[in-house]
Each structure stands twice: as C-alpha cells, then as structure tokens.
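Using numbering that gives the first Met the number 0, read the sequence shown as starting at 0 and increasing by one per residue.
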Amino acid sequence: MSDSQDPADTVKELPLRPAASKTINDTQQTDPLPETSEDKPDSTPNSPKSQSLEELPIEIDQAKKKKKKSKARPKSKRGKNKPTGFEEYYVDAPITPEEFSAEKELYNVSRPLTHRIEDALLRYQKNRRLESDRRDVFLKYLAYGGVYVGQRMFGGLDGRDLQQLDSEQILQARAMTSVGKDKSNLAVDFDAVVRGFLTSFFPYYFNPDTEDMIKLATVTIRNFLSYLLYHDVCPEYNDNIDQARTSCDIATRELWNNQQLMAKGPGDFNSCCSLLFGGELHDTYTEGNQWRNSKDDAPRLTTEIARKIVKFALAGAGENRHALRFQELTENKTLCAVRIEDIDGFEITAVHPPGEVVREFYQTHAPDLVPVGKLLARTYRDPGMPDYDRSPEERVAQPERNFELFMEGNLLQYCYPGMKVIAPVWELNCGFHYFEDAYRTYGSNYTPLVNDLMLGWKEPRDLAKAESKAESDGEDDSSVTL
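Following this line, the structure appears as structure tokens:
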C-alpha cells in the first residue's frame, strides 16, 4: 500500500462494529455522568456525591506478613543428649601430663584442706552437668557438710568483665560454693557426713517417693567422692572417702525398703491386734458404724475379721505355747495388752518369712488371708531424740528386751537385720508383741549428727545493743528540723 492512499479509503477498510440501537424498553442503560455542582446550585460542595472518586476514603485490606516460626533445635544441639557424667558406666577421661602436673600442684598436701576442697568443687561442677533435681540434692549435701552455698557478696560480673578474664579467673568468679575460715577447726569425716545426710536428713527433707529419686541422691554423692579419689584431692583421707562410698551403696539398698515399710505397714495382723486389744484403732473403732467410703473398695475391718486373722496367725506361725496361752486367757476373759514405755521402737535382729508349711496351711484353711511370718527384734531408743527422763535405778531395772513380732510375708520382704522402726510396741500377756503405724524407719547405718541443727544457722547478734542503737538513731532523727 502506497503512502499516497486517500484517508477516506483507509477508514472504509477498518473493521467497524455497528452501534447498538437504544430503545425505551431497554432494561440496560448506561450510567449517567456525575452531575457537578454547577448543574445543581443547591448542592453543597462537601456532600459525598460531589466528591470525586479519587477523594473517597478507600480501605484496602492487605494481608499481614506471617512471621516464620523458628524450628526447635534438636536435642543434640540443645545439649539434652549430652552425657551428664552420672551414667552407670561413665568414667573420667585420662588426664594429660600437663593436667597431672597442674593438679599435683593444685592439690598439694601442703595447702590447707579447705582450699583444696574449694578448688575440687569448682572443677567438679564444671565437668558435670547437674540438672535441677540433682543440683538441689548435691548443694544440700554440701551445706550439710559445712560448705557455704550461695552467691558471693559483691562478686557479680557482667559479660564485659568476663571477657577480660582467663578461664581460671572465670571459674573463680562464677563460684557458688566456698568453705569459710571458721570451718577449718572442725573434724573431717566424709563417711559420717554421708551416713548422717542419707539416713537422717535426706529421707525426711526430700521425702523421695520413687526408687529413682533415692538413686539420684546416692549416685550423685558417690560420684563426687570418686572424683576426689581419682584426682587425689585429699590423699590423707582416702580410706575414709572409700568407706563413705560404701555407705552410699548401703543407703541405695536400704532407703527404698524403709520408705515402702512406712507406706504399707504395719500390716493386717498388727492392725487387727490394735483393734482388738489396744491401740489407736481400738480407741476409734465403732461396732455399729455403717458408713462406707464410695471411693474405697477395700473390705471394712470388723472385729470378726480381726479375730480370724489373729487366730490363723497364731496357729500358722506362732508356737504352741502362744496358742495355748492365748486360748486359755481368752476363755477366762483375762487377755489384755500393755504398751511398753520408755522406748522409741525396735531394731530388727532376724527375719523369718513364712515357710512352705505355713503357706500350705493358709492355702487350705484360709485362702483369703495373707500368710504371716515372724520378726525378731530388740528395744531401740533413737539417739537423735531427747532421752527419757529416768533415774539411775530405773535405767538398771529396765534391761534390753527382745520382741517376737508377726507380719505378713509381702511386708517382710522390706525388712532386714539392722532396720530401726520408730513405732509404739505393745505386749500381750500371752507372750507375743505387736506394733502400730511406723512413724519413721532408719537404716542399719543410721547416724544422727548435729549438722541437722546447723543448717540455716546464723551467728546471734546482741538485740539489746541493736535496740539501743535504734533508739539513739530515732532521737537524732527527731531533733532534725526541716
């Protein structure tokens, strides 16, 4: 096509669409143009209709950007799978010659023992991952042994200060334990402190309800004692420390049995004797009481059931002289029980679980009852409690007595020779004994110490001087005029 083509011909060649015809009946009409204020003089310039579309406020909802949730780090990166140093087969890595030379100088016998213990505590806590429960037990053990536990006064440091210190200075700055100079004159006995803490203080302060909690305490303390031996911190006390580790092993075996006996004792036989002959249950029992706990499905103990349990125990595990004497006193209505005074409880000397003959007897004649065994014990007075007020004549007139006690076989598994049971002991005039609820139970190496009383002790201050000083300060303040 040439450039000289006529414009009219060009228009004819363009594709054109015919215009739509408009009728009155058309339902769809084009929107009228917006009227201006000049067309309507009465309209106000501020009316919404007069505003242009650009001036109308339009809210546009914009989707807020969602923050990306940070993924939790795996346990391996958080250190949760990192060894704590208290695993069963964990051992310290061999030390290098340089470390050996440094420790030989650090733990030299010429240095005071308190300084060596402080340095050993710093390095032990650095090399072990002490979790919250384990840390509570360990720090309480240190405090029981005379170590001060807490932040040193005016010893706080921020990050800038720590950056200017070397590793040894940082270790000293973060120390939470120290041994005061006033403790240097005290006797040093690692074994006595371990026995006192585990047998006298720990069970009644922490009240462990699982066997794992008991092992946590004994394993932690034993691990620390092994650290002292491995690094030769105090070689002059190595034999004493080794004996303390043995005490930890004994406590591991005995403490859980003590807790079990306290929770499940004294057993059906002793409860029945308390109900029939004298004791706490005898004073509170009501024969016609029909009240029943809807949440307790255990059968209610009655005098009829109690007589059955006592008779079968005497017939199965008792001796003939006990059974005959019991029958004779029952027929004469002279059977009675007396509580043994001036004792705290009994110490077990021998345990005789029910034999095969006794089990067959129960299985044949009373399959609904638990077979009963026998305990041999002697009087026990708790050295940790105040002594009974007795005259010298009374002390001589009351020698040590031996007891013969009955108990179900499922409870005898928790008893062992040397166990101390703090409980009321009663004696029947037919020759055997029974006891009530066990208030406390102690192990075979029970050792009460005065360290219990020193926890939280503060040096006394003169209150008279403090009051006089406060009064003088008050007089000075009142004389000041503002």
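Backbone N, C-alpha and C fix where the C-beta goes; we use that ideal spot for every residue, glycine too.
Output yes if chain C places a C-beta closer than 9 angstroms to the C-beta of residue i; else output no.
i	result
Ile240	Note that chain C does not occur in the displayed structure, where there is just one protein chain.
Beta carbon of residue i, beta carbon of residue j: below 9 angstroms?
i	j	result
Val309	Leu280	no
Leu427	Phe325	yes
Ala250	Thr209	no
Pro202	Leu121	no
Phe205	Asn450	no
Tyr140	Val108	no
Asp367	Ile421	no
Gly317	Leu410	no
Met418	Asn256	yes
Gly383	Pro459	no
Tyr415	Ser443	yes
Gln242	Phe189	yes
Ala551	Gly430	A query on residue 551 cannot be resolved here, the shown segment of the chain reaching from 0 to 481 and no further.
Asn218	Val178	Note that residue 218 corresponds to Val in the displayed sequence, not to Asn. Contact flag unset, no.
In the DSSP assignment, the beta strand (DSSP E) including residue i goes from what residue to what residue?
i	result
Thr440	Arg439 to Tyr441
Phe434	His432 to Phe434
Phe402	Asn401 to Glu407
Gly344	Gly344 to His351
Trp425	Val424 to Leu427
Leu565	The first residue shown for the chain is 0 and the last is 481, placing residue 565 beyond what the model contains.
Val337	Ala336 to Arg338
Lys419	Lys419 to Ile421
Report all residues from its chain with a CB closer than 6 angstroms to the CB of residue i; omit the five preceding and five following residues, and keep chain order.
i	result
Pro370	Pro353, Val357, Arg358, Tyr361 and Gly408
Leu375	Thr348 and Ala349
Leu300	none
Arg400	Thr378
Arg110	none
Does the ligand FAD have even one heavy atom less than 8 angstroms from the beta-carbon of residue i?
i	result
Arg110	Inclusion of the ligand FAD in the displayed structure is not the case, the ligand content being empty and no account of it being possible.
Among the residues of its own chain, which have a CB less than 7 angstroms from the CB of residue i, if the five just before and after it don't count?
i	result
Leu313	His321, Ala322 and Phe325
Gln259	Tyr413
Leu112	Val187 and Cys233
Asp461	none
Asp231	Tyr106
Provide the residue span of the alpha helix (DSSP H) that contains residue i, from first to last.
i	result
Arg320	Asn319 to Asn331
Thr251	Asn237 to Lys263
Ala119	Leu112 to Asn126
Leu192	Checking the sequence, you will find Val at residue 192 rather than Leu. Note, Val192: alpha helix (DSSP H), Phe189 to Gly195.
Cys271	Asp267 to Leu275
Gly315	Thr302 to Gly315
Val356	Glu355 to His364
Check each candidate in the options and name the one with the smallest Cα separation from residue i.
i	options	result
Glu303	Cys272, Ala243 and Asn450	Cys272
Tyr226	Gln397, Arg244, Asn269 and Thr283	Arg244
Asn222	Arg128, Cys414 and Val337	Arg128
Lys103	Val90, Gln124 and Ala119	Ala119
Lys263	Phe189, Glu458, Lys464 and Arg439	Arg439
Asn239	Leu328, Arg194 and Leu215	Arg194
Pro385	Gln397, Asp343 and Pro423	Asp343
Pro207	Glu392, Gly145, Lys180 and Asp132	Asp132
Thr329	His351, Arg306, Gly315 and Ile339	Arg306
With burial defined as no fewer than 16 other Cβ atoms inside 10 Å of the residue's Cβ, what is the status of residue i: buried or exposed?
i	result
Ile116	buried
Trp456	exposed
Pro234	exposed
Met453	exposed
Glu435	buried
Asp176	With the sequence shown as reference, residue 176 is identified as Thr, and Asp is not the correct amino acid for it. It is buried - the Cβ of Thr176 has at least 16 other Cβ atoms within 10 Å.
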